[in-house]
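Below is one structure, written out as structure tokens; the observations come after it.
Numbering (the UniProt record's numbering), first residue to last: 1 to 230.
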């Protein structure tokens, strides 16, 4: 069967019944169930389910920032980062809680918030009936409850998400897959590498909106903000 869909029929996942217009999209989706990650970074050997994700990942090593904010000209490695950043300028909060009407700019903040309503959604049928997509809402919340199905074989610690388990495993293996292309120093987490890179670039991306003082690390900005609050 061809990748281009000319019949108008959708390709359905046998595992979760989600459907797609293109066969390639279905194949990519199935990897979320199988765990297959066929695309490998030649530099740090990190693997990805999608070729697109590998291409984006390479910016971590090259330091390229191709995407710019049209408002303040701040540059980003990923297009998704620009979209997220733009919410600062627009004030938009697209993720809306149907239970308490609270809105959030970022999806991950919305998911954390929804955990507070898990019991309400599952127990109060009058609330859930008011939703057009009741089942989808409940499924979304349940998927983000504090279940921890992923176990570490070394110390039996459990995790909600597989990515957190993978990151935890680096403690036992001693692996440091994130390598600085300038000084070759390696790190367990990509966030640590990004923070380290600031020591080479001199960049201070975290700026105080009250006095315009800037910092390389977000924690330093938070510490600085306490002076204004006090």
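The beta carbon of each residue, even a glycine, is placed where N, CA and C say it ideally should be. Just so it is clear, the structure is predicted and the values come from calculations on it, not from any experiment.
Same chain, Cβ closer than 6 Å to residue 210, neighbours up to 5 away in sequence not counted: The residue labelled residue 210 in the question sits at position 210 within the chain shown. So the qualifying residues of the chain are 228.
query: To which residues does DSSP link residue 52 through a beta bridge?
result: Position 52 of the chain shown, counting from 1, holds the residue named residue 52. For residue 52, which the question treats as bridged, DSSP gives no partner whatsoever.
- prompt: Out of curiosity, what's the CA-to-CA distance linking residue 107 and residue 163?
  reply: Position 107 of the chain shown, counted from the start, is the residue given in the question as residue 107. Position 163 of the chain shown, counted from the start, is the residue given in the question as residue 163. One C-alpha to the other measures close to 18 Å.
- prompt: Using 8 Å as the threshold, is the stretch 186 to 202 in touch with the stretch 219 to 228, meaning 3 or more CB pairs across them?
  reply: Remark: fewer than three beta-carbon pairs, one from each stretch, lie closer than 8 Å, so the stretch 186 to 202 and the stretch 219 to 228 are not flagged as touching.
task: Identify every run of the beta strand (DSSP E) within the UniProt domain "C2H2-type" (206 to 230), keeping only runs that are complete inside it and at least 3 residues long; order them along the chain.
output: With a minimum length of 3 residues, no continuous beta strand (DSSP E) run stays inside the UniProt domain "C2H2-type" (206 to 230).
message: Can you tell me which residues form a DSSP beta bridge with residue 12?
response: Looking up residue 12 in the chain shown gives position 12. Bridge partners of residue 12: 19.
- prompt: Is the number of C-beta pairs between the stretch 41 to 51 and the stretch 6 to 25 that are closer than 8 Å three or more?
  reply: no
message: To the nearest angstrom, how far is the alpha carbon of residue 224 from that of residue 100?
response: Position 224 of the chain shown, counted from the first residue, corresponds to residue 224. Position 100 of the chain shown, counted from the first residue, corresponds to residue 100. Distance between the alpha carbons of residue 224 and residue 100 is about 33 Å.
field: Coarse secondary structure for residue 178, derived from DSSP in three states
entry: For this step, residue 178 is matched to residue 178 along the chain shown. Three-state result, residue 178: strand.
query: What whole-angstrom Cβ distance do residue 196 and residue 180 have, given they're in contact under 8 Å?
result: Taking the first residue of the chain shown as 1, we reach residue 196 at position 196. Taking the first residue of the chain shown as 1, we reach residue 180 at position 180. Contact flag correct, Cβ pair sits at about 6 Å.
field: Through-space distance from residue 157 to residue 114, alpha-carbon basis
entry: On the chain shown, residue 114 is found 114 positions in, with the first residue counted as 1. On the chain shown, residue 157 is found 157 positions in, with the first residue counted as 1. When rounded, the distance between both Cα atoms is 25 Å.
- request: From the DSSP output, in three-state form, read off residue 24 for me.
  value: Here the question's residue 24 lines up with position 24 in the chain shown. In the structure shown, the three-state DSSP call for residue 24 is helix.
message: I'd like to know whether the C-beta atoms of residue 190 and residue 204 end up nearer to each other than 9 Å.
response: Translated into the one-based positions of the chain shown, residue 190 becomes position 190. Translated into the one-based positions of the chain shown, residue 204 becomes position 204. No, these two residues do not count as a Cβ contact at 9 Å.
field: Ordered list of beta strand (DSSP E) runs contained in the stretch 60 to 114, each at least 3 residues
entry: Those beta strand (DSSP E) runs which fall completely within the stretch 60 to 114 and span 3+ residues do not exist here.
field: Unbroken alpha helix (DSSP H) run spanning residue 117, endpoints
entry: Position 117 of the chain shown, counting from 1, holds the residue named residue 117. No alpha helix (DSSP H) holds residue 117; DSSP gives it neither H nor E.
message: What does the alpha-carbon distance come out to for the pair residue 208 and residue 178?
response: For the purposes of this step, residue 208 is taken as residue 208 along the chain shown, with counting starting at 1. For the purposes of this step, residue 178 is taken as residue 178 along the chain shown, with counting starting at 1. If I take the Cα positions, the gap works out to 29 Å.
Best match in 28, 71, 70, 63 for proximity to residue 51 [C-alpha to C-alpha]: Looking up residue 51 in the chain shown gives position 51. Answer by Cα proximity: 28.
message: Closest to residue 16 by C-alpha separation, out of 33, 53, 9, would be which residue?
response: Along the chain shown, one-based indexing puts residue 16 at 16. Of the candidates 33, 53, 9, the one whose C-alpha sits nearest the C-alpha of residue 16 is 33.
Element boundaries [alpha helix (DSSP H), containing residue 194]: As a working note, residue 194 is residue 194 in the chain shown. Note, residue 194: alpha helix (DSSP H), 190 to 201.
query: In its own chain, which residues sit with a C-beta less than 7 Å from the C-beta of residue 92, not counting the 5 before and 5 after it?
result: To locate residue 92, count along the chain shown from 1; it is residue 92. If we look at residue 92 and ignore the five residues flanking it on each side, its Cβ neighbours are 105.
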